[in-house]
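Residue numbers (this note's numbering): 1 to 159.
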């Protein structure tokens, strides 16, 4: 793979990590404060929902860091080593946690508390389905990487 593509991807991942930190530290607490001010009857939900949002973004950050590590392995030509599997496994687990968090918030806010207009449950459930699809795609990609690693080991023994 071209070095320029890898460098560009690393820069974009770094920018996404910085942006995610900004969202976690500033935007989510500000939004929680704004919602608590506008709808004081839901103030008691601010802390658990903020915690879930921050944890969900942390899961995305874990995926980004693992992707960054995988780009380093690609650059060294070692992507088909067994060591790359642990990074993809980490991505799968982070996606699973993000999916469960998103689904829990969607179910709780939409069906238990009935917060917001119909667009809120639709958006939250859409996010939960999207996170679930990403999780399943990662599981499939991990299986493909396992097969490639096994074939590489087999070919290395033959050669």
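Heads up, the beta-carbon is just placed ideally off N, CA and C, and yes, glycines get one too.
Predicted model, so just to flag it, every value in this text is computed and none were measured.
Beta-carbon spacing of residue i, residue j below 8 angstroms
i           : j          : result
residue 128 : residue 89 : no
residue 63  : residue 94 : yes
residue 20  : residue 60 : yes
residue 16  : residue 75 : no
residue 13  : residue 68 : yes
Cα-Cα separation, residue i to residue j
i           : j           : result
residue 28  : residue 156 : 50 angstroms
residue 124 : residue 97  : 15 angstroms
residue 25  : residue 112 : 28 angstroms
residue 56  : residue 159 : 45 angstroms
residue 36  : residue 120 : 16 angstroms
residue 50  : residue 134 : 22 angstroms
residue 2   : residue 32  : 43 angstroms
residue 139 : residue 78  : 20 angstroms
residue 114 : residue 48  : 16 angstroms
Three-state secondary structure assigned by DSSP to residue i
i           : result
residue 23  : helix
residue 158 : helix
residue 114 : coil
residue 86  : helix
residue 152 : helix
### Query
What are the complete alpha helix (DSSP H) segments, minimum 4 residues, inside the segment 33-84?
For the segment 33-84, whole alpha helix (DSSP H) runs of length 4 or above, ordered along the chain, are 46-76.
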